[in-house]
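Here's the structure, in structure tokens; my notes come after.
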Amino acid sequence: MTLEELKIESLQFDLAELNEFVSENRDEIKLLFSNLVVSPSVTRDCIELIRHIHSKRRHGIDTVGIQFFVTILAFYFKSANNTAFVQTCITNLQDNVLKYRLQAWFQYKFEYRQTNSHLTRFPQYLEKISKAIADENEDYTDDVLSDLHSYFFEFSHIAGFQELFDSPDLLKKFPILSEYKKRKGALDYRIELHENVDKIFTPSRFTEQLFNEKFIDYIKYHDSTVWNNILLGLDTFTIRSEVINFGQANFDKPYKKLQPADIVKLYCYFNMRKHYYSSLYLFERCAWIKKLVSKEGCLKFIDVGCGPATSGIALTDYLLSTKSSKQQFDYIGVDYYNSMLAAAADFMTNSVYKECTNNDFIKSITEIKNNDFSNANSILINTCYLFASPTLKIDLLATEINNLLNTYSSLPRFLLFQNTTDETKNIKYELFKKKLLKHDLLLSEKVTIKYNNQRNSFYPPVHESIYFEVLKF
797 MTLEELKIES LQFDLAELNE FVSENRDEIK LLFSNLVVSP SVTRDCIELI RHIHSKRRHG
857 IDTVGIQFFV TILAFYFKSA NNTAFVQTCI TNLQDNVLKY RLQAWFQYKF EYRQTNSHLT
917 RFPQYLEKIS KAIADENEDY TDDVLSDLHS YFFEFSHIAG FQELFDSPDL LKKFPILSEY
977 KKRKGALDYR IELHENVDKI FTPSRFTEQL FNEKFIDYIK YHDSTVWNNI LLGLDTFTIR
1037 SEVINFGQAN FDKPYKKLQP ADIVKLYCYF NMRKHYYSSL YLFERCAWIK KLVSKEGCLK
1097 FIDVGCGPAT SGIALTDYLL STKSSKQQFD YIGVDYYNSM LAAAADFMTN SVYKECTNND
1157 FIKSITEIKN NDFSNANSIL INTCYLFASP TLKIDLLATE INNLLNTYSS LPRFLLFQNT
1217 TDETKNIKYE LFKKKLLKHD LLLSEKVTIK YNNQRNSFYP PVHESIYFEV LKF
């Protein structure tokens, strides 16, 4: 579907018919708008669409389909820096986290007509944008931080504005400001991406049920949870920055009353799903994996820094989706933390995954035994966000992996890498590659993955920028 085709179809409908049309074509429309590039012609088409909806608003705009359509139009106008039609969209939106985000942007772009307003009304902006972080389905923290970053740079020339970002009172009152300060360095060095994934990922029925069973329902219905602002007794900013420390916590150490198993579930809630989608994307790019699985013998999937077996679940789901004749592989989870290894074993115990011979959950690659590989037909070494770890010892890791590669030199061997596109977090990986045995580079790309955490979601997708590589030995 093109925008022109969407416009021609939409303009002939009343709101009831348009709601039905949008509902039936939700995913295609969502993908279309995710890939739109701002231009005068696109803007003109979008203006026609929102004017059509606005002119008929007395007939009711509270249906899910219409609200979805207005929302994606609003975020296009935001990208186009068109405040007038962002305001038109806001007028037609019911309260939700995305409306708060749009209102916060509109507030400083249009309502702050005097320079001093950016100083005196900054707390009101923070209060508005703090409401736009997340709802029970999607987490828009990264998008909100990006909005805040854009605001900072657009108006940092105003005397006294930068100092507001360091105000002890504001940092204490608004956790989003504190989180921005911690992550500003990464936002400073965001890079332009050269690939565009023409797909919006959502959980399959298998993974949706698995995520609910393993961590979402536990957190949601816990006595200390006030869904979805307080989880297991703590606010989301405390969880992200202190409890799981942006994925770099000591997961075997309790946090106040929280035990390691609870901390791992919180990690799953905030981090697992987005890494599952990126892993799924990588397996789809490496379609030859299903050929390795179908060969005589057994694919050995060595997941280094496995966490709760995120990539193992993604590989299981990928093989399930291909409906190949054989969907078995042996999963070897390697992680420093006992709590993560326990979670990995729990996740890999599910209704779909079947091992060839046996799984293993170990703390070091050196624990892999020769007889475990007697039936191996190939080896995949997986590293999902491993190299973002500040404590990772790359010399030791390279030595252990090289020893493994040498031991099984007769087998096809691959290393799968994924990490943030933040160049400062990939320094270790670039050094690590130079220490590896001779290899070929099969894939190297930086892409934006789009996803929704709920099946059949009407929300615009969340975006995650990721650096992928695949090495063959």
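Per this note's numbering, the sequence shown starts with residue 797, numbered consecutively. Don't be surprised by glycine CBs; every beta carbon is placed ideally from N, CA and C. For clarity, every value in this text was computed on a predicted model and none was experimentally measured.
DSSP-derived helix/strand/coil call for residue i
i	result
Ser1090	helix
Tyr1279	The requested residue 1279 does not occur in the structure, where the chain is confined to residues 797 to 1269.
Leu973	helix
His945	helix
Asp994	strand
Lys1053	coil
Lys1246	strand
Asp1058	helix
Ala955	coil
Thr1195	helix
Val1258	strand
Ala930	strand
Asn1008	helix
Met1068	helix
Arg822	helix
Val838	helix
Tyr1204	coil
Leu1232	coil
Ser1253	coil
Tyr1114	helix
Phe1125	coil
Tyr1286	Here the chain covers residues 797 to 1269 and nothing more, so residue 1286 does not appear.
Ser1075	helix
Tyr1149	coil
Ala1141	helix
Thr1187	coil
Leu1165	The amino acid occupying residue 1165 in the given sequence is Lys; Leu does not appear at that position. Reduced to three states, the DSSP call for Lys1165 is coil.
Residue i - partner residues in DSSP beta bridges
i	result
Ile1177	Ile1098, Leu1211
Ser1240	Glu1265
Ala1172	Cys1094
His850	Paired residues: none, contrary to the question.
Ile1026	Val1022, Asp1031
Val1130	Val1100, Ile1158
Val860	Beta-bridge pairing links Val860 to no other residue.
Thr798	According to DSSP, which records beta bridges pairwise, Thr798 is partnered with nothing at all.
Asp935	Ala930
Thr1216	Ile1262
Residue i burial status per 10 Å Cβ neighbour count (16 or more: buried)
i	result
Asn1166	exposed
Thr1217	buried
Asp1312	The first residue shown for the chain is 797 and the last is 1269, placing residue 1312 beyond what the model contains.
Gln1214	buried
Asp1013	exposed
Val1022	exposed
Gln1123	buried
Gly981	exposed
Ile1249	The amino acid at residue 1249 is misidentified as Ile; the sequence shows Asn. When all chains shown are included, Asn1249 counts as buried.
Gln910	exposed
His1071	buried
Leu973	buried
Ser1074	buried
Arg847	exposed
Pro999	buried
Asn984	According to the sequence shown, residue 984 is Asp rather than Asn. Per the 10 Å Cβ criterion, exposed.
Gly1101	buried
Met797	exposed
Asn1067	buried
Ala880	exposed
Ile1035	buried
Val993	buried
The ligand GTP heavy atom lying under 6 angstroms from the CB of residue i
i	result
Leu1238	Ligands in the displayed structure: none, and consequently the ligand GTP is not present.
When you compare the segment 1108-1125 with the segment 997-1005, are there three or more beta-carbon pairs, one atom per stretch, that lie closer than 8 angstroms?
Touching, yes, given that three or more Cβ pairs across the two stretches are closer than 8 angstroms.
Determine contact between the segment 885-893 and the segment 831-838, defined as no fewer than three beta-carbon pairs at a distance below 8 angstroms.
No: fewer than three Cβ pairs fall under 8 angstroms.
Taking contact to mean at least 3 C-beta pairs separated by less than 8 angstroms, is the segment 1248-1266 in contact with the segment 861-874?
The segment 1248-1266 is in contact with the segment 861-874.
Segments assigned alpha helix (DSSP H), at least 4 residues, entirely inside the segment 858-933
Here the runs fully enclosed are 860-875, 879-887, 893-902, 913-916, 918-926.
Using 8 angstroms as the threshold, is the segment 1023-1033 in touch with the segment 960-968, meaning 3 or more CB pairs across them?
The segment 1023-1033 makes no contact with the segment 960-968; the number of CB pairs closer than 8 angstroms stays below 3.
Inter-stretch contact (C-beta, 8 angstroms, three-pair minimum) for the segment 1046-1055 and the segment 1066-1080
Judged by Cβ distances under 8 angstroms, the segment 1046-1055 makes no contact with the segment 1066-1080, as fewer than three pairs qualify.
Using a Cβ distance threshold of 8 angstroms, determine whether the segment 894-913 contacts the segment 921-928, with at least three qualifying pairs required.
Cβ pair count under 8 angstroms is three or more, so yes.
Assess, as a yes-or-no matter, whether the segment 1201-1208 is touched by the segment 1169-1181 under the definition of 3 or more beta carbon pairs within less than 8 angstroms.
A contact exists between the segment 1169-1181 and the segment 1201-1208.
Three Cβ pairs or more, each shorter than 8 angstroms: is that satisfied between the segment 1145-1154 and the segment 1181-1200?
Short answer: they don't touch.
Evaluate contact between the segment 950-957 and the segment 1082-1102, counting only Cβ atoms and requiring at least three cross-stretch pairs below 8 angstroms.
Because the criterion of three Cβ pairs below 8 angstroms is not met, the segment 950-957 and the segment 1082-1102 do not touch.
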